[in-house]
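Trainee: My questions all concern the structure below.
Protein chains: 2
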Amino acid sequence: MASPIHRPLQPMTDFAATKTLFHLPEGVIYLDGNSLGPLPLRTPDRVARMLKEEWGEMLIGGWNRAGWMAQPMGLGDRVGGLIGAEPGHVTLGDTLSIKVFQALAAALAKTDRKVILSDSGNFPSDLYIAEGLVGTLNQGHSLRVVDPEDVADAITGEVGVLLLTQVDYRTGRMHDMADLTAMAHAAGAICIWDLAHSAGAIPVDVAGCQADFAVGCTYKYLNGGPGAPAFIYVAPRHAPTARPALSGWLGHDAPFAFEPTYRPGEGIARMRVGTPPVLQMAALDASMDIWDTVDMEALRSASIRLTERFIEGIEASCADLTLASPREAARRGSQVSFRHPQGYAAMQACIAQGVVGDFRAPDIMRFGFTPLFIDENDVEAAIDVIARVMADRLWEDPQYQARGAVT
Amino acid sequence: MASPIHRPLQPMTDFAATKTLFHLPEGVIYLDGNSLGPLPLRTPDRVARMLKEEWGEMLIGGWNRAGWMAQPMGLGDRVGGLIGAEPGHVTLGDTLSIKVFQALAAALAKTDRKVILSDSGNFPSDLYIAEGLVGTLNQGHSLRVVDPEDVADAITGEVGVLLLTQVDYRTGRMHDMADLTAMAHAAGAICIWDLAHSAGAIPVDVAGCQADFAVGCTYKYLNGGPGAPAFIYVAPRHAPTARPALSGWLGHDAPFAFEPTYRPGEGIARMRVGTPPVLQMAALDASMDIWDTVDMEALRSASIRLTERFIEGIEASCADLTLASPREAARRGSQVSFRHPQGYAAMQACIAQGVVGDFRAPDIMRFGFTPLFIDENDVEAAIDVIARVMADRLWEDPQYQARGAVT
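Residue numbers (our numbering), protein chains in the order written: chain C, 26 to 432; chain F, 26 to 432.
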């Protein structure tokens, strides 16, 4: 097995100063970096340079001279460094739903079994994509969805592919990736891990866990910006034979030879599809300059300190809020969720008071903790605001009840 | 049938001043806007505002407050105005290869016939995607590829789907979209038109031609920037029943209800897949401000004037170059191609002299004509440069022979 991607020898373990690397609006405590990370201060300059110096001056030559064509693999390795991938086995592009489709189609092509096992805590789009693929294939596959706590027992000999999101987008409940992957392999199944709420949130070791495929997005914890490209990892043992269902030209072995028939590119390169989104890549390049230096173990410790204090503070002051996240830190990602019957209105009231989290139906108030720009003082201030919202029953105010489109 | 998308009452018919709307590097005559359009001067400001005022200040709220979520449909209608689409039947996102996949999968789901007919002038990625889908379906489909001039005769009762690119990326040869669509319909086949080299190049009337599906990209003639999103059109008669093979959450009827099972959105909305690329959308928004005002018939007349003069001038001065494009303007898109046995080196020499076109294997030198920023003076200057390159046999210079990655 290839060695892990090189990370700095002295990675950053202290996040006291990293807040200054981000633009955070006045008066806002942003506990929604798990949905859309904030703007790194360096990003506008990087994007402006891409526009003016690269696109503007190099025109078509930018594909080679500015390295645009190589970015999906180069940036892929940098993201891969955060999830424990071997070098050369991650590529970027498209959206997470597309990457789920690619991984699942490739996994199904490797097994004769017909059952895809997932859980009800998976992000709906992953389930929708699986449903759509089952229908398109029309070859007797089925999607079996169980409760998250029942996944282990449901890994039977019928299961061809286990398709899970490691960290539940609503509750933050975290699956044990190593254990479930080992169980799946023991039962003869292939594992696909969606790391949307893991990459940049917790230490991940796809190679160590022997994950078969992994996918994720870069606009949440990784601060790549709205619509930032998704990533896909294919384990080295599968990469040379994985079947690309979306066989676009940039996954061809020689895209610019314009051959009449498709020949898959080497390894992960075949999971490229079409033209890379160069503006989005430039923004991600800027944010990865920060992430390249982060020690994920230190970040995880900081995240746990913040979430533990948040849970303690909210439970001490808000009797109406019920913890929806696992109480045990080791079983949680980097978010904390509480239930409230009027959760939507209560969250709107919190946002109006400057504490930005979000709401997930039917009753989940979700708060993300991102130590690069959220510190202990923010957590104390957020607890105070939320406690006041709850004590004053601000959710009863009609202005917070009216539902706009939920974000 | 819905009425066509509203276009300005007095669209722009004179392009003498539009060159000033673009950044063009000093000393360059850019005849490659058919591959990657140049940077509109207004784009960097629009993107900077999106970054700072929208992402930076609104954070997650930008999805609604800045209208990010609505952009694929809003911008889709603006692109739709250039291709004769009915309002509400075009959406933007992903890459062209993905959109080809969606259109082809939806078309195949509407017919029991197993043959996909295409031609050898189609862009390879369209053929690769079809090949991949045939393999994934594993239901006895086949891709039949004929020469472009044989397409009409090959539309038999076996053909379920006719998948064509209107304008050949190498030669600029243009299919008669109305005729071939009518022939396909008479034979009981469904038509998918790839408009990559049509949108913003020539007047297109997808509604008038009764095209079933159309797809295309926005980074060529439409100046959306490298990696700009692709578009897909589904005819109103198909939109309510088209089967979305890539059933991602943003194509769901209620994406933010996070329902456990997929329900396709209304009409074209189901062809959305994942999170829109908001930076790319901002850049496209800026370039569409220009395109919203363009009279496509006037643009076409200007393009024909430029290509006619270019052919005349090159043929008069460069005996070694053989016209690869149709001589008849009505059968050409907005590009002119010549063949030369040393086409790669000859094009490198032209580029070194400031005339930027591109090369397509095995021997095609390709020049795009884009009247918004190329005028008669540019064409005369380009003819002079190319004539000198050919007269001086500059392609024999070893510095131009070495192949880098082709763009």
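Where a beta carbon is used, it is the ideal one built from N, C-alpha and C, also for glycine.
Figure out for me which residue from E340/F, Y425/F and A308/F has the closest Cα to the Cα of R364/F.
Mentor: When only C-alpha atoms are compared, the closest one is E340/F.
Trainee: Per the DSSP calculation, I217/F is bridged to which residue(s)?
Mentor: Bridge partners of I217/F: L188/F and F238/F.
Trainee: Let me check you understand the geometry: is the CB of I85/F closer than 6 Å to at least one non-hydrogen atom of the ligand FAD?
Mentor: Although the ligand FAD was asked about, the structure shown includes no ligands whatsoever.
Trainee: Within 10 angstroms of the Cβ of N147/F, are there 16 or more other Cβ atoms? Answer buried if so, exposed if not.
Mentor: Buried, since its Cβ has 16 or more Cβ neighbours within 10 Å.
Trainee: Residues of the region 267-290 of chain F in Cβ contact with chain C at a cutoff of 7 Å, in chain order, please.
Mentor: For the region 267-290 of chain F, which is checked against every Cβ of chain C, the residues closer than 7 Å are P269, A270, L271, S272, G273, W274, H277, F281, A282, F283, E284, P285, T286 and Y287.
Trainee: Assuming the contact rule is C-beta atoms closer than 8 Å, V115/F and T243/F should be a hit. Round their C-beta distance to whole Å, please.
Mentor: Incorrect: roughly 11 Å between the Cβ atoms, too far for contact.
Trainee: Rounded to whole angstroms, what's the CA-CA distance from V298/C to L346/C? Just pull it up for me.
Mentor: Rounded to whole angstroms, V298/C to L346/C spans 45 Å at the Cα level.
Trainee: The alpha helix (DSSP H) that contains R413/C, what's its start and end?
Mentor: That run of the alpha helix (DSSP H) goes E401 to A416.
Trainee: Does DSSP classify H200/F as helix, strand or coil?
Mentor: It is coil, neither helix nor strand.
Trainee: Does I315/C get closer than 7 Å to chain F when you measure Cβ to Cβ?
Mentor: It does not: the Cβ of I315/C has no partner Cβ on chain F nearer than 7 Å.
Trainee: For V170/F, which three-state DSSP category applies?
Mentor: Residue state, collapsed to three classes: strand.
Trainee: If you run the structure through DSSP and keep just helix, strand and coil, what is G102/F?
Mentor: Note that residue 102/F corresponds to Asp in the displayed sequence, not to Gly. Looking at D102/F - three-state DSSP - the assignment turns out to be helix.
Trainee: Is there at least one Cβ from chain C nearer than 7 Å to W218/F's Cβ?
Mentor: Taking Cβ atoms only, chain C never reaches closer than 7 Å to W218/F, which makes this a no.
Trainee: Assign T38/C to one of two classes, buried (16 or more other C-beta atoms within 10 Å of its C-beta) or exposed (fewer than that).
Mentor: T38/C is exposed by the Cβ-count criterion.
Trainee: Report the rounded CA-to-CA distance for D172/C versus T120/F, giving the unit in angstroms.
Mentor: Straight-line Cα distance between these residues: approximately 35 Å.
Trainee: Does T161/C pass the burial test, meaning 16 or more other C-beta atoms within 10 Å, or should it be called exposed?
Mentor: Burial call: buried.
Trainee: So that I know if they touch, is there some Cβ in chain C lying closer than 7 Å to that of A73/F?
Mentor: Yes, contact with chain C.
Trainee: Between Q164/C and A270/C, which are expected to be in contact by the criterion C-beta below 8 Å, what is the C-beta distance as a whole number of angstroms?
Mentor: Incorrect: roughly 13 Å between the Cβ atoms, too far for contact.
Trainee: Can you give me, in chain order, the residues of the region 109-127 of chain F that have a beta carbon less than 7 Å from any beta carbon in chain C?
Mentor: Cβ contacts with chain C come from D119, T120, L121, S122, I123 and F126.
Trainee: Hey, could you find the ends of the beta strand (DSSP E) Q367/C is sitting in?
Mentor: Counting along the chain, Q367/C falls outside any beta strand (DSSP E), and DSSP gives it neither H nor E.
Trainee: What residue ranges within the region 225-307 of chain F form continuous beta strand (DSSP E) runs of no fewer than 3 residues, ordered along the chain?
Mentor: The region 225-307 of chain F contains these whole beta strand (DSSP E) runs: 238-242 and 255-259.
Trainee: On the criterion of 16 or more Cβ atoms from any shown chain inside 10 Å, does N248/C qualify as buried, or is it exposed?
Mentor: Counting Cβ neighbours within 10 Å, N248/C comes out buried, since at least 16 surround it.
Trainee: For the putative contact between L348/C and I336/C, defined by C-beta atoms under 8 Å, what is the C-beta separation to the nearest angstrom?
Mentor: Going by Cβ atoms, the distance from L348/C to I336/C rounds to 6 Å, so yes, they are a contact pair.
Trainee: Classify Y153/C as helix, strand or coil using the three-state DSSP reduction.
Mentor: In this structure, Y153/C counts as helix in the three-state DSSP scheme.
Trainee: Any idea if A430/F is buried or exposed, counting beta-carbon neighbours within 10 angstroms, 16 or more meaning buried?
Mentor: For A430/F, the predicted structure reports a pLDDT of 40, less than 50, and the residue's modelled location is therefore unreliable. The matter cannot be settled from this model.
Trainee: Alpha carbon to alpha carbon, what distance is there between L66/C and V410/C?
Mentor: Approximately 27 Å between the Cα atoms of the pair.
Trainee: Residues of chain C with CB under 9 Å from Q305/F, in chain order?
Mentor: Those within 9 Å of Q305/F in chain C are G252, P302, V303, L304 and Q305.
Trainee: Going straight from the alpha carbon of D237/F to that of E183/F, what length do you get?
Mentor: In a straight line, the C-alpha of D237/F is about 18 Å away from that of E183/F.
Trainee: At a CB-CB cut-off below 7 Å, which residues of chain F make contact with G81/C?
Mentor: H48 and L64, listed in chain order.
Trainee: Return no unless some Cβ of chain C is closer than 7 Å to the Cβ of G299/F.
Mentor: By this cut-off, G299/F is an interface position.
Trainee: In terms of residues, what are the limits of the beta strand (DSSP E) holding R356/C?
Mentor: Per DSSP, R356/C belongs to no beta strand (DSSP E) and is neither H nor E.
Trainee: Output, in chain order, the set of chain F residues within a Cβ distance shorter than 9 Å of K77/C.
Mentor: Going along chain F in sequence order, the residues near K77/C (Cβ under 9 Å) are H48, L64 and P69.
Trainee: Look up L348/F in the DSSP assignment and give the residues it is bridged to.
Mentor: Note: L348/F sits in a beta bridge opposite F363/F.
Trainee: Within 7 Å (strictly less), CB to CB, does P149/F reach chain C?
Mentor: Yes - at least one Cβ of chain C is within 7 Å of the one on P149/F.
Trainee: At a cut of 8 Å, does the region 68-78 of chain C reach the region 69-88 of chain F through at least three beta carbon pairs?
Mentor: Enough Cβ pairs lie closer than 8 Å, so yes.
Trainee: Cβ of E156/C less than 7 Å from any chain F Cβ?
Mentor: Yes, because at least one Cβ of chain F sits closer than 7 Å to the Cβ of E156/C.
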